[in-house]
Amino acid sequence: MFMFNNLGIVKEAISNNELKVLSINRKEEFILKASNEYVSSIKSELNDEEGETIIVEFDLKNKIINENIF
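Residues 137 to 206 (my numbering) make up the sequence shown, in order.
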């Protein structure tokens with residue numbers, strides 16, 4: 137059994153508290169909620185010249201990002 141059920145790749149920051157995430161399992165995109173601080177941190181990483189992939193865990197039922205893992 138997997139430790140994390142819903143993992144996704146962050147595609148972009150939609151707003152100050154929403155991220156567009158591509159689900160690794162389902163191959164679907166979802167708009168998920170997160171705190172302003174978390175999204176700001178993700179935006180910084182996305183704008184980094186290194187171009188690294190950011191993977192997050194999320195709760196699909198409640199449409200929120202698990203911010204304890206980053």
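Cβ atoms here follow ideal geometry from the backbone N, Cα and C, with glycine treated the same way.
Predicted model only: the values in this text are computed from it and were never measured.
Give me, in chain order, the residues of the same chain whose beta-carbon lies closer than 7 Å to that of Ser-171; leave out the 5 immediate sequence neighbours on both sides.
If we look at Ser-171 and ignore the five residues flanking it on each side, its Cβ neighbours are Asn-153, Glu-203.
Do Leu-155 and Ile-201 have their CB atoms nearer than 8 Å?
yes
Around the C-beta of Leu-158, are 16 or more other C-beta atoms found within 10 angstroms, so that it is buried, or is it exposed?
exposed
Which partner residues of Leu-155 appear in the DSSP bridge assignment?
Beta-bridge pairing links Leu-155 to Ala-149, Leu-168.
Residue range of the beta strand (DSSP E) that includes Glu-94:
Examination of residue 94 is not possible in this model, given that the chain is present from 137 through 206 alone.
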